[in-house]
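S.K.:
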DNA sequence: ATAATACTCTACTAATATTGTCAAGTATTT
DNA sequence: AAATACTTGACAATATTAGTAGAGTATTAT
Ligand code: FES
Ligand code: FES
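Protein chains in written order, with this note's numbering: chain E, 29 to 199; chain H, 29 to 199.
#1: Can you pull the chain E neighbours of residue 117/H, defined as C-beta to C-beta under 8 Å?
#2: Under 8 Å Cβ-Cβ, which residues of chain E neighbour residue 105/H?
#3: According to DSSP, is residue 137/E part of a helix, a strand, or is it coil?
#4: Give me the DSSP bridge partner(s) of residue 129/H.
#5: Please confirm whether residue 37/H has its beta-carbon closer than 9 Å to some beta-carbon of chain E.
#6: So, under 8 Å CB-CB, residue 74/E and residue 35/E are touching, yes? Tell me the CB distance rounded to an integer number of Å.
#7: Using 8 Å for Cβ pairs, my map puts residue 95/H next to residue 39/H. What's the rounded Cβ distance?
#8: Throw me the rounded Cβ distance for the residue 104/H and residue 152/H pair, which I believe falls under 8 Å.
#9: I'd like to confirm something about residue 161/H: is its beta-carbon nearer than 8 Å to some heavy atom of ligand 2, or not?
#10: In chain order, what residues place their C-beta within less than 5 Å of a heavy atom belonging to ligand 1?
#11: So, under 8 Å CB-CB, residue 114/E and residue 29/H are touching, yes? Tell me the CB distance rounded to an integer number of Å.
#12: Taking 9 Å as the CB-CB cut-off, is residue 79/H touching chain E?
#13: Verify the contact flag: residue 119/H, CB atom, against every heavy atom of ligand 2, threshold strictly below 8 Å.
#14: For residue 72/H, I'd like the list of residues in its chain whose CB is within less than 8 Å of its CB, leaving aside the five on either flank, ordered along the chain.
#15: Around the Cβ of residue 158/H, are there at least 16 other Cβ atoms within 10 angstroms (buried) or fewer (exposed)?
#16: Out of 31/E, 122/E, 155/E and 132/E, which has the shortest C-alpha to C-alpha gap to residue 140/E?
#17: Considering just the uninterrupted stretch of the beta strand (DSSP E) at residue 36/H, what are its terminal residues?
#18: When we look at the beta-carbon of residue 47/E and count the other beta-carbons within 10 Å, is it buried (16 or more) or exposed?
#19: Taking C-alpha atoms, which residue in 101/E, 148/E and 108/E lies nearest to residue 81/E?
#20: Which residues in chain H sit within 8 Å of residue 136/E, going by Cβ to Cβ distance?
#21: On the DSSP bridge list, what partners appear for residue 84/E?
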């Protein structure tokens, strides 16, 4: 249960490949496809979406490819996944597009909401930079757990979110 | 993305209905169906699975129905969901049944693993008792966040899990 | 210019998983 | 023995995911 789409997974891995060379030469789609063992056609679809979301930029012509639009520490995993798979919506009731009439009287509503925010908090706090430095994942988790944050963007996503960001399922 | 199946959702709500009357008379499937607005046939399927997992027991004959097998504080949401939808497996690589050869060389592996454990920790720490008391969800979250746990079962699921439970994707 | 390289876009199909229904059967109690 | 209620397995409808195909556009090196 709670499966992540391959699109999302490939997207994150592709972004990682692009981030590896940042700042530097554009990364060709062909190269990413080879490294990550995904078809070029499928990757095109994915990168195209990411480009439209403004996370990457493309350079055409020979020697062209993709570049990060921002610094690695300014691109969170959460953003990448949302761009490709839409917002996290554990249940139909939590989906901003659908909403639920009963929400107030429903016990599980709070439960799913809390979980959703917890997940989103994690994904928004984790950036490409964290992936690049690799071993920082464990450290970061410890930080998250111990109530402190390591990298810039993260502060927005942590503690505050858990208690203040309530405008989501309200509909 | 990261949708929870209706099966899982209905299952949790059904368990909640059963827990409401605990300890006491068995709860008829018909009653649950009416309260939660789910078809009897679908619920039968769900409750049957839960019974086989040992979370509930059934009483036959007139006046029969379903009862909790354990105390509400001993039944976690995580257990309910795993029973109905199988283990949490964000990616194929994290799935205990599949595993991944590349796991060691893959950056995102740690990421999904960490997220999966975070989710599982949350779901295992949350019990039917918490749903019954309702307002404790917020409090519990605060507890979780602040590094302490409120109810029995929870201790197993929290801090330890984040740093020690590593046998999952190892395959 | 023009060929080679590389990104862009839309549509479509195949596979899979989810969601839920149906019907016949078994057990228990009044 | 009749009513109630759980039990089981098969199956159909639907939705989503995953991935392919192919035609097209832009850019640059020569
Ligand atoms: S039924 Fe919509 S929030 Fe529970
Ligand atoms: S490809 Fe299997 S862990 Fe990354």
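Ideal Cβ placement from N, Cα and C applies to all residues, glycine included.
Model, not experiment: these values are computed from the prediction.
M.R.: In terms of the structure at hand:
#1: For this step, residue 117/H is matched to residue 89 along the second chain. Per Cβ cutoff of 8 Å: 29, 30 and 31.
#2: Translated into the one-based positions of the second chain, residue 105/H becomes position 77. Those within 8 Å of residue 105/H in chain E are 139.
#3: Stepping through the first chain from its first residue, residue 137/E is reached at position 109. Correct three-state label for residue 137/E: helix.
#4: Mapped onto the second chain, residue 129/H falls at position 101. Answer is none; residue 129/H lacks a bridge partner.
#5: The residue given as residue 37/H occupies position 9 in the second chain. Using a CB distance cut-off of 9 Å, residue 37/H counts as an interface residue toward chain E.
#6: In the first chain, counting from the first residue as 1, residue 74/E sits at position 46. In the first chain, counting from the first residue as 1, residue 35/E sits at position 7. Sure, about 6 Å apart at Cβ, within 8 Å.
#7: Stepping through the second chain from its first residue, residue 95/H is reached at position 67. Stepping through the second chain from its first residue, residue 39/H is reached at position 11. Between residue 39/H and residue 95/H the Cβ distance is about 16 Å, and since that is not below 8 Å, they are no contact.
#8: To locate residue 104/H, count along the second chain from 1; it is residue 76. To locate residue 152/H, count along the second chain from 1; it is residue 124. Indeed, because the Cβ distance is near 5 Å, the residues count as touching under 8 Å.
#9: Taking the second chain and counting its residues from 1, one reaches residue 161/H at position 133. False, no ligand heavy atom lies under 8 Å from that Cβ.
#10: Qualifying residues come out as 121/E, 128/E, 130/E, 131/E, 134/E and 137/E.
#11: Here residue 114/E is taken as the residue at index 86 of the first chain, counted from 1. Here residue 29/H is taken as the residue at index 1 of the second chain, counted from 1. Indeed they touch by this definition, with Cβ atoms about 6 Å apart.
#12: Counting from 1 along the second chain, the entry for residue 79/H is found at position 51. The Cβ of residue 79/H sits no closer than 9 Å to any Cβ of chain E.
#13: Taking the second chain and counting its residues from 1, the one referred to as residue 119/H is at position 91. Flag set: Cβ of residue 119/H near ligand 2.
#14: The residue given as residue 72/H occupies position 44 in the second chain. Correct list, in chain order: 57.
#15: In the second chain, the residue the question calls residue 158/H occupies position 130. Residue environment for residue 158/H: buried (at least 16 other C-beta atoms within 10 angstroms of its C-beta).
#16: As a first step, residue 140/E must be located in the first chain, where it is residue number 112. If you compare the alpha carbons of 31/E, 122/E, 155/E and 132/E with that of residue 140/E, the shortest gap goes to 122/E.
#17: Position 8 of the second chain, counting from 1, holds the residue named residue 36/H. According to the DSSP assignment, residue 36/H belongs to no beta strand (DSSP E) but to the alpha helix (DSSP H) extending over 34-48.
#18: In the first chain, residue 47/E corresponds to position 19, counting from 1. By the Cβ-count criterion, residue 47/E is buried, with 16 or more other Cβ atoms from all chains shown falling within 10 Å of its own Cβ.
#19: Within the first chain, numbered from 1, the residue matching residue 81/E stands at position 53. For residue 81/E, the nearest C-alpha among the options comes from 108/E.
#20: Here the question's residue 136/E lines up with position 108 in the first chain. Within 8 Å of the CB of residue 136/E, the CB atoms of chain H belong to 37, 40, 41, 44 and 159, in sequence order along the chain.
#21: Within the first chain, residue 84/E is the residue found at index 56, counting from 1. Per DSSP, 96/E.
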